[in-house]
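**Student:** Start counting the sequence shown at 173; every next residue gets the next number (my numbering).
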Amino acid sequence: MKLYNEVSKCRVCGGNLSSLVQIEHMLPAGIYTDEPVSGVIPLSICVCSQCTHVQLGQTISGDLYQDYLYTSDISPDTRNYLKELSDTLKSEYQLENKNILEIGSSDGSFLKNFTETNHVLGIEPSKLLSDTATKNNIE
Numbered sequence: 173m174k175l176y177n178e179v180s181k182c183r184v185c186g187g188n189l190s191s192l193v194q195i196e197h198m199l200p201a202g203i204y205t206d207e208p209v210s211g212v213i214p215l216s217i218c219v220c221s222q223c224t225h226v227q228l229g230q231t232i233s234g235d236l237y238q239d240y241l242y243t244s245d246i247s248p249d250t251r252n253y254l255k256e257l258s259d260t261l262k263s264e265y266q267l268e269n270k271n272i273l274e275i276g277s278s279d280g281s282f283l284k285n286f287t288e289t290n291h292v293l294g295i296e297p298s299k300l301l302s303d304t305a306t307k308n309n310i311e
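(1) DSSP three-state call for residue 296: helix, strand or coil?
(2) Who are the near neighbours of residue 304 in its chain, counting only those whose CB is closer than 6 Å to its CB and skipping five residues on each side?
(3) In chain order, what residues of the same chain have a beta carbon less than 6 Å from the beta carbon of residue 294, not counting five sequence neighbours either side?
(4) Where residue 245 and residue 268 are concerned, what is the direct C-alpha to C-alpha distance, given to the nearest angstrom?
(5) Do residue 188 and residue 227 have their C-beta atoms closer together than 9 Å?
(6) As an exercise, report each continuous alpha helix (DSSP H) stretch of at least 4 residues that is fully enclosed by the segment 218 to 255, in chain order.
(7) Within 10 angstroms of the Cβ of residue 265, are there 16 or more other Cβ atoms? Answer buried if so, exposed if not.
(8) I'd like the list of long-range same chain contacts for residue 250, defined as Cβ closer than 6 Å, with 5 residues on each side in sequence excluded.
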């Protein structure tokens with residue numbers, strides 16, 4: 173399985189990318205598969221020379237995180253932190269009757285703090301975690 177693809181053009185405007193930060197050897201984390209995942213993934217943060225959009229210089233294979241199992245909800249400290257963070261955001265940005273999108277939403281642990289007064293949407297590549305979020309009324 174190929175772990176990643178290099179991105180050579182800006183995802184927004186098609187302009188040229190320049191690397192800002194580069195880490196050569198990132199190990200894939202939290203991946204549990206029947207076959208061992210070997211290899212490292214380079215991680216580079218790039219900026220577009222035309223529109224200045226900052227983005228990753230690699231796209232990770234969608235298959236890699238399809239069966240990802242880690243959830244924020246397993247740790248009481250993390251749950252408390254997410255609740256405090258959501259309370260701060262709701263207060264500071266008057267988040268009521270808004271549309272809230274979380275990319276990499278896991279099981280919806282963070283988004284569930286916004287559901288009483290907002291419409292929430294979570295994007296998650298892991299089918300297992302996405303299904304868990306759906307069962308918890310996270311779209």
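Here a beta-carbon is modelled for each residue, glycine too, at the ideal position from N, C-alpha and C. Quantities reported herein were computed from a predicted structural model and do not represent experimental measurements.
**Tutor:** On the basis of the coordinates in this document:
(1) When secondary structure is reduced to three states using DSSP, residue 296 falls in the coil class, being assigned neither helix nor strand.
(2) The beta carbon of residue 304 sits closer than 6 Å to those of 279, all from its chain and outside the five residues before and after it, given in chain order.
(3) Excluding its 5 nearest sequence neighbours in each direction, residue 294 has C-beta neighbours in its own chain below 6 Å: 274, 277, 280, 283, 305 and 310, listed in chain order.
(4) Their backbone Cα atoms lie some 24 Å apart in a straight line.
(5) Their beta carbons are not under 9 Å apart, which means residue 188 does not touch residue 227 by this criterion.
(6) DSSP runs (the alpha helix (DSSP H)) wholly in the segment 218 to 255: none.
(7) Residue burial is scored here from C-beta neighbours: residue 265 has fewer than 16 other C-beta atoms within 10 angstroms and is therefore classed as exposed.
(8) 244, listed in sequence order.
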